[in-house]
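Trainee:
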Amino acid sequence: MTDSVNRIFPRNLTARASFNVAGNPPSTRPESGVGNCYPGLEYDHRNLDRRFFPGLVVEFASQDDAASPDLGRRGARVVAVDTDDPDLGRPPQCHDDKAVKALRASLARLSGNLSGRSWFLESIVQDGTTISLDGSDGSPLDGLVVWRLVRSLRPGPVSVRVVERGLAKGQYAGPVQLDGWRRTYTDPQTGVIDAAYQPGELTQSLCSPWTHDFRDCSCTYWASNHPDIVMPAVQPGEPVLPGGASEDLADSVRVDWLRDPDLSVLHPEALPSQGSNRPFQISYFQINREWQDLAVVLEGREVDGTYVPRSKGSDWAEPFATDDELWARIVELAGLEHLVALLYLYARFSLLDADDAKEVSKGTWPQLANDVTYARSVLLEVATGEMQHLRIANHLLWGLSVHHGKDQFSPVVVPPALIVPARGKDKPAVPAQLQPLTPETLQLFVDIERGSGYIDGQYARVTATLRQPDYPPHLYQLASNVANDGEQHFLNFRDIQAALRNYGTDEHVYLRPVVPADPADPRVAEAMDLYLRITRALTTGYELNQPENQQALAEARALMFDLQTRGEALAKEGLGIPFLSPWQ
Amino acid sequence: MNPVPLTLTTRPEALVSTAEPPWFHVLDGAAPMVLVMAGSLLFEVDPSLAELLAAGDPSAEAELARSVDGRTDELEGLGPLPRPRAISLNVAQSCNLSCNYCYADEGRFGGTPVHMSVTVARRAIDDLVAGAHPGERVTVGFIGGEPLLGRAVVHDAVRHATDRAAESGVVVGFSITTNATVIDAADLDLFRSHPFAVTVSLDGSEATHDRHRSGRNGSGSWRRAVDRIRPLLEEPGLSHVSARATVTRDDLDIAGRVAALGAVGFREIGVSPARTGPDASLLIQPSDWNAYLTSMIDAGEDELARLRGETGIRRWRFSNLSSALTEIHRGTCRPLPCGAAYGYVSVDAGGSYATCHRTIGDPRFALGGPGALSDAARRTFLEERLVDKQEPCRSCWARYLCGGGCHAEVIESGRHGCDMIRGWLEQCLMWYPQAQSTFPELFSQMEQVSP
Chain A
1097 MTDSVNRIFP RNLTARASFN VAGNPPSTRP ESGVGNCYPG LEYDHRNLDR
1147 RFFPGLVVEF ASQDDAASPD LGRRGARVVA VDTDDPDLGR PPQCHDDKAV
1197 KALRASLARL SGNLSGRSWF LESIVQDGTT ISLDGSDGSP LDGLVVWRLV
1247 RSLRPGPVSV RVVERGLAKG QYAGPVQLDG WRRTYTDPQT GVIDAAYQPG
1297 ELTQSLCSPW THDFRDCSCT YWASNHPDIV MPAVQPGEPV LPGGASEDLA
1347 DSVRVDWLRD PDLSVLHPEA LPSQGSNRPF QISYFQINRE WQDLAVVLEG
1397 REVDGTYVPR SKGSDWAEPF ATDDELWARI VELAGLEHLV ALLYLYARFS
1447 LLDADDAKEV SKGTWPQLAN DVTYARSVLL EVATGEMQHL RIANHLLWGL
1497 SVHHGKDQFS PVVVPPALIV PARGKDKPAV PAQLQPLTPE TLQLFVDIER
1547 GSGYIDGQYA RVTATLRQPD YPPHLYQLAS NVANDGEQHF LNFRDIQAAL
1597 RNYGTDEHVY LRPVVPADPA DPRVAEAMDL YLRITRALTT GYELNQPENQ
1647 QALAEARALM FDLQTRGEAL AKEGLGIPFL SPWQ
Chain B
11 MNPVPLTLTT RPEALVSTAE PPWFHVLDGA APMVLVMAGS LLFEVDPSLA
61 ELLAAGDPSA EAELARSVDG RTDELEGLGP LPRPRAISLN VAQSCNLSCN
111 YCYADEGRFG GTPVHMSVTV ARRAIDDLVA GAHPGERVTV GFIGGEPLLG
161 RAVVHDAVRH ATDRAAESGV VVGFSITTNA TVIDAADLDL FRSHPFAVTV
211 SLDGSEATHD RHRSGRNGSG SWRRAVDRIR PLLEEPGLSH VSARATVTRD
261 DLDIAGRVAA LGAVGFREIG VSPARTGPDA SLLIQPSDWN AYLTSMIDAG
311 EDELARLRGE TGIRRWRFSN LSSALTEIHR GTCRPLPCGA AYGYVSVDAG
361 GSYATCHRTI GDPRFALGGP GALSDAARRT FLEERLVDKQ EPCRSCWARY
411 LCGGGCHAEV IESGRHGCDM IRGWLEQCLM WYPQAQSTFP ELFSQMEQVS
461 P
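Those protein sequences? They're chains A and B, same order as listed.
Number 1302 in the numbering used here belongs to position 206 of the first sequence; there are no gaps in the numbering.
Number 333 in the numbering used here belongs to position 323 of the second sequence; there are no gaps in the numbering.
1. For chain A, find out if any of its Cβ atoms is closer than 8 Å to the Cβ of B:S77; answer yes or no.
2. Would you report the Cα separation of B:V130 and B:D358, rounded to the nearest angstrom?
3. As a quick exercise: from B:E71, B:M440 and B:R161, pick the residue whose alpha carbon is nearest that of B:L59.
4. Looking only at its own chain, which residues have a Cβ that is under 7 Å from the Cβ of A:H1604, when we skip the five neighbours before and after it?
5. Can you look up A:S1270 in the DSSP assignment and give me helix, strand or coil?
6. Strictly below 9 Å CB to CB, what residues from chain B border A:R1115?
7. Taking 8 Å as the threshold, find out whether the segment 339-355 of chain B comes into contact with the segment 388-397 of chain B through three or more Cβ pairs.
8. Between the segment 1552-1576 of chain A and chain B, which residues of the former have a C-beta closer than 7 Å to a C-beta of the latter?
9. For A:Y1380, count the other beta carbons within 10 Å of its own beta carbon; 16 or more makes it buried, fewer makes it exposed. Which is it?
10. Kindly identify the DSSP beta-bridge partner or partners of A:D1275.
11. Would you call the segment 1459-1475 of chain A and the segment 1561-1573 of chain A in contact, with 3 or more CB pairs under 8 Å?
12. Using a 10 Å radius around the Cβ and a threshold of 16 neighbouring Cβ atoms, would you call A:A1204 buried or exposed?
13. Is B:D237 close to the ligand MN? I mean its beta-carbon at under 7 Å from any heavy atom of the ligand.
14. Could you tell me which residues DSSP pairs with B:T256 in its beta bridges?
15. Would you mind giving the Cβ-Cβ distance between A:L1229 and A:S1219, rounded to the nearest angstrom? I have them listed as a contact below 8 Å.
16. What three-state label does DSSP hand B:T149 in the structure shown?
17. Take every Cβ of the segment 428-445 of chain B, pair it with every Cβ of the segment 358-371 of chain B, and state whether three or more of those distances are shorter than 8 Å.
18. Taking 8 Å as the CB-CB limit, is A:N1598 close to chain B?
19. At least one CB of chain B closer than 8 Å to the CB of A:S1111: is that the case?
20. I need the straight-line Cα distance from A:L1596 to A:D1467, nearest angstrom please.
21. Taking only three categories from DSSP, how would you classify B:D194?
22. Just checking: is the beta-carbon of A:R1103 within a distance shorter than 8 Å of some beta-carbon in chain B?
23. I'd like to know whether the C-beta of A:R1107 is nearer than 8 Å to at least one C-beta of chain B.
24. Do A:V1610 and A:F1505 have their CB atoms nearer than 8 Å?
25. Would the beta-carbon of B:L212 fall within 8 Å of that of A:N1108?
26. In chain order, what residues of the same chain have a beta carbon less than 8 Å from the beta carbon of B:L292, not counting five sequence neighbours either side?
27. Measure from the C-beta of B:I323 to each C-beta in chain A and report whether the shortest distance is under 8 Å.
28. Of the choices B:S127, B:S108 and B:A48, whose alpha-carbon is the least far from that of B:P380?
29. Using DSSP with H/G/I as helix, E/B as strand and the rest coil, what is A:N1120?
30. For A:Y1440, which residues of its own chain have a beta-carbon under 6 Å away from its beta-carbon, when the five flanking residues on both sides are left out?
31. Using a Cβ cut-off of 8 Å, pull out every chain A residue sitting near B:H35, in sequence order please.
32. Return the first residue and the last residue of the alpha helix (DSSP H) that A:R1200 is part of.
33. Any contact between the segment 235-245 of chain B and the segment 292-309 of chain B? By contact I mean 3 or more CB pairs, one from each, below 8 Å.
34. Provide the residue(s) that pair with A:V1399 in DSSP beta bridges, ordered along the chain.
35. Beta carbon of A:A1528, beta carbon of A:V1510: below 8 Å?
36. With a threshold of 8 Å between beta-carbons, can B:R340 be considered close to chain A, or not?
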């Protein structure tokens, strides 16, 4: 499946446009989902498992909702035998040619008896354990229960026994035993979904609402191809960020995708619930006549003209000349990721929590509790994102080491950078400082994440280097994901700006009076110890191929929760954790 | 090798093999590449894969086929013919020079000198504009002979076309190919105040040029041409000025010609070989193509070195290279060599249509009398010349980049320059990846231009 990944590289424009890239289409990526009601509903997981056994296609038939359940129709019914399944052509090591031949013969026998008849899985065997698909009372388990059992199978050898139901005793064809393996659903290197799945197969059981239903589906359980709340289209000529979002903060309101253009002038911004948006949406009459006017949505934004993909900017960046330069820049970026995670975390501790906000506002600021809750949650999300970037930076270094045949790799976790790099011509580099979330600090965060900033530019060069055919393709994907996060972080911070703007620049009603504590202060010693232990655990966790890595990462994660609790307690006393002191 | 079965069609030069034409071509080198002909898709490939592809390994071929979306081996047929979007008016079928290799035979195209009347020019322009929709772009070109010997017609035609285009909401541009020796102040004004592509026939340095491009009294014409065009080079206004050199077999130093014209101040310089004309001793012969190709490659190397050394804004200068690299970058894929008879036709002094400016007066290329451009004649002409319908083109890997070669030259002197064209294209394909990554801005400008 991936043989051409490193062997063929498209050069000119037509080749780039016609090249079948190994990978899943962009629409399958979670970030391409446009729905906000049920994010994650990009596909129905049961559809993945219906082909868990190469050569067989089963349906997990449930009678749970039936008024009078027909027990004979419950279970995993064999709906097709697919002898063209590509997995049969590339068996895992546990199956030699003879075993595959035997499997094919059994499948062919079953296939000949399938039409108009009723075959179900009776039992599954893996690693010497037999899972009977009959319940303790002897009646077949419901399809959804069978599905959960199938979910518990690991990749590797699996045998299934298939029996025929629905005939009088004595007429049954004999059970068929199939010795095969559980499918590996995605390519371990590229994540590409197995080629056995046909276009549309993974989403086939999701709602596909249209016309009336699109407005009125009562379960609202539609696939994520139904946009709900979206960013409006950017008008031609309007200054935009590299990713296509408007530069203008006022244009970053979210709108209801189904809005009536005439009515929505009364309330351009989408309201928080489906019910409250309803009066401003198009009518049944309109949706039947004008459904084609509903906007196309890409990357969460309505598209009004020519779509410019996000990667365009990074495509033009200059690749690094040498591997050493690439390595050094990723190490530098890791330090910056660490630094900004600390800056954002510190700023988050400086915000009142909802309870304190209610207390402080005393009716003067009715929205304060909501606003600080929002800002705190976004700051934590972005800080977490930066921590993930630190991990990805290490993953890139690890990948490069493996690529160059080295078995040694020293993770880069500390030290954090101590300089905030330049954010444009008139904003030179400044020493890093832990600061509460004042409007100035927030502006600094916006500038750090701005598309044209230093970090973004360097990631663009990293991706431009890694997209060259000499490098493993998954490293390019990893680096691209980091580069793409930057704009989301930028928009997040702008949203915080919008939320906190009402409170003016002088009255920092939403802030705690937090200042960085003296590192010698015994009250912060515990928090500092937690922080340093986290960095040590991460360093171990990011090392190559060690079984205890996962353990170290789990430990780091647990310590992070402790640090969060400790940081909150200290902030309530006006004490900020002096994260940078060990490195200064 | 087995003999290739041939099918005879109505034209002896169109012997079509029934064997499957190749669908890809392997370009050997340190970083081997593969050109997939349909769509002109260019891939860099792993050397091991390139080796297998070159050896005809079926699994390697299958791997390549899997990587390409929607591959088709042949281009679709002609489809509906558009109305021409460009015409050239042969306003003066006479010339003040008597260049001894001129394909136009001093502008007479083998006949007696004739000048186009204002009425004929206007009528052709009216037909052109009438065939265009509002917002579309049309081009009116002036050729000869020396078109400025019909100055009054040129100036009137520009005014008329501008007015008619404005009335119809059509965008009009102009082009002229001139020896520049008779350009006057009014002409300069005309070129500067309209979107005019001015192509000056200059062969290189003064000595090179004057060797063959002499006035009727035998005097050289270079000095006079350069003096007359210089004001436009210095202050082009709306015009775009380029030089076009004809390369004769007695002097194949192409890089020298380009450098000499660059020194005059031309920002865009193209060359083409003398293929047809009255003095056979000057025309490129089959035995010259190797040397010609070497000279083209030297000129290309010079151009790339010049661009690398450029400290300010980079611009292409050698247009043979820039157009080849542009087309490779865009993946230009053409079933025909040029727009002749398709989007472009030529009008002779009497108002009759010909497939292009090089075929005026030749009944084999006639497309209808005054005001009667025949779509049937255009279609018949083009259908027979589709690159997939004739050999050796159909079996040639470069067919969709080349298009089959100039119709006029093929009929007159056959296809004896094919190896040179393939060699040049292969070299340009090899240059392309490096050029594209070294001068990306030159290619991104190209992407802005509508196809």
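Even for Gly, the Cβ is constructed at its ideal location relative to N, Cα and C.
As the structure is a computational prediction, the values presented were derived from the model and not from experiment.
Mentor: So, from the listed chains and residues:
1. Stepping through the second sequence from its first residue, residue 77 of chain B is reached at position 67. True, the Cβ-Cβ gap to chain A drops below 8 Å.
2. Here the question's residue 130 of chain B lines up with position 120 in the second sequence. Here the question's residue 358 of chain B lines up with position 348 in the second sequence. Cα atoms of B:V130 and B:D358: separation of roughly 9 Å, rounded to the nearest angstrom.
3. The residue given as residue 59 of chain B occupies position 49 in the second sequence. It is B:E71 whose Cα lies nearest to the Cα of B:L59.
4. Here the question's residue 1604 of chain A lines up with position 508 in the first sequence. Close CB contacts of A:H1604 within its chain, under the 7 Å cut and outside five residues either way in sequence, are with T1534 (chain order).
5. In the first sequence, counting from the first residue as 1, residue 1270 of chain A sits at position 174. Before going on, a small fix: residue 1270 of chain A reads as Gly here, not Ser. It is coil, neither helix nor strand.
6. Translated into the one-based positions of the first sequence, residue 1115 of chain A becomes position 19. Sequence check: residue 1115 of chain A is Phe here, not Arg. The contacting residues are L51, F53, S77, V78 and D79.
7. With the cut-off at 8 Å, the segment 339-355 of chain B and the segment 388-397 of chain B touch.
8. Listed in sequence order: P1565.
9. Start at 1 with the first residue of the first sequence, and residue 1380 of chain A comes out as number 284. By the C-beta density criterion, A:Y1380 is exposed, having fewer than 16 other C-beta atoms within 10 angstroms.
10. Position 179 of the first sequence, counted from the start, is the residue given in the question as residue 1275 of chain A. The bridge partners DSSP lists for A:D1275 are A:S1255.
11. No, the segment 1459-1475 of chain A is not in contact with the segment 1561-1573 of chain A.
12. Counted from its first residue, the first sequence places residue 1204 of chain A at position 108. It counts as exposed.
13. Within the structure as shown, the ligand MN is missing, as the structure has no ligands at all.
14. Locating residue 256 of chain B in the second sequence gives position 246, counting from the first residue. Under DSSP, B:T256 shares a beta bridge with B:S282.
15. By 1-based counting over the first sequence, the position of residue 1229 of chain A is 133. By 1-based counting over the first sequence, the position of residue 1219 of chain A is 123. Confirmed, Cβ separation roughly 6 Å.
16. Locating residue 149 of chain B in the second sequence gives position 139, counting from the first residue. Residue state, collapsed to three classes: strand.
17. The segment 428-445 of chain B vs the segment 358-371 of chain B: no contact.
18. On the first sequence, residue 1598 of chain A is found 502 positions in, with the first residue counted as 1. With 8 Å as the cut-off, A:N1598 does not count as an interface residue toward chain B.
19. Within the first sequence, the letter at position 15 stands for residue 1111 of chain A. In the sequence under discussion, the amino acid at residue 1111 of chain A is Ala, which differs from the Ser named in the question. So, interface residue.
20. Translated into the one-based positions of the first sequence, residue 1596 of chain A becomes position 500. Translated into the one-based positions of the first sequence, residue 1467 of chain A becomes position 371. Distance between the alpha carbons of A:L1596 and A:D1467 is about 7 Å.
21. Here residue 194 of chain B refers to the residue found at position 184 of the second sequence. Per DSSP, reduced to three states, the secondary structure at B:D194 is coil, with no helix or strand assignment.
22. Here residue 1103 of chain A corresponds to residue number 7 of the first sequence, with the count starting at 1. The Cβ of A:R1103 sits closer than 8 Å to at least one Cβ of chain B.
23. As a first step, residue 1107 of chain A is located in the first sequence; it is residue number 11 there, counting from the start. Answer yes: the Cβ-Cβ gap between A:R1107 and chain B drops below 8 Å somewhere.
24. In the first sequence, counting from the first residue as 1, residue 1610 of chain A sits at position 514. In the first sequence, counting from the first residue as 1, residue 1505 of chain A sits at position 409. Going by C-beta atoms, A:V1610 is not nearer than 8 Å to A:F1505.
25. What you label residue 212 of chain B is simply residue 202 of the second sequence in a count that begins at 1. What you label residue 1108 of chain A is simply residue 12 of the first sequence in a count that begins at 1. Taking C-beta atoms as the reference points, B:L212 and A:N1108 fail to come closer than 8 Å.
26. The sequence position of residue 292 of chain B within the second sequence is 282, counting from 1. Contacts found: N110, Y111, H222, T258, R259, D260 and A284.
27. On the second sequence, residue 323 of chain B is found 313 positions in, with the first residue counted as 1. With its beta carbon at least 8 Å from every one in chain A, B:I323 lies outside the interface.
28. Counting from 1 along the second sequence, the entry for residue 380 of chain B is found at position 370. Of the candidates B:S127, B:S108 and B:A48, the one whose C-alpha sits nearest the C-alpha of B:P380 is B:S127.
29. In the first sequence, the residue the question calls residue 1120 of chain A occupies position 24. The answer is coil: DSSP assigns A:N1120 none of H, G, I, E or B.
30. The residue given as residue 1440 of chain A occupies position 344 in the first sequence. Sequence-distant Cβ neighbours of A:Y1440 in its own chain, meaning closer than 6 Å and more than five residues away, are L1475, V1478 and A1479.
31. Along the second sequence, read from residue 1 onward, the residue named residue 35 of chain B stands at position 25. Near B:H35 there are no residues of chain A at all, since even the closest Cβ is about 13 Å away, more than 8 Å.
32. As a first step, residue 1200 of chain A must be located in the first sequence, where it is residue number 104. Under the DSSP assignment, A:R1200 falls in the alpha helix (DSSP H) whose first and last residues are D1193 to G1208.
33. As far as the Cβ criterion goes, the segment 235-245 of chain B does not touch the segment 292-309 of chain B, which means the pair count is below three.
34. In the first sequence, residue 1399 of chain A corresponds to position 303, counting from 1. For A:V1399, which the question treats as bridged, DSSP gives the partners A:V1392.
35. Position 432 of the first sequence, counted from the start, is the residue given in the question as residue 1528 of chain A. Position 414 of the first sequence, counted from the start, is the residue given in the question as residue 1510 of chain A. No; because the gap between Cβ atoms is not below 8 Å, this pair is not in contact.
36. Translated into positions along the second sequence, residue 340 of chain B becomes position 330. Chain A, which has a Cβ nearer than 8 Å to the Cβ of B:R340, makes this yes.
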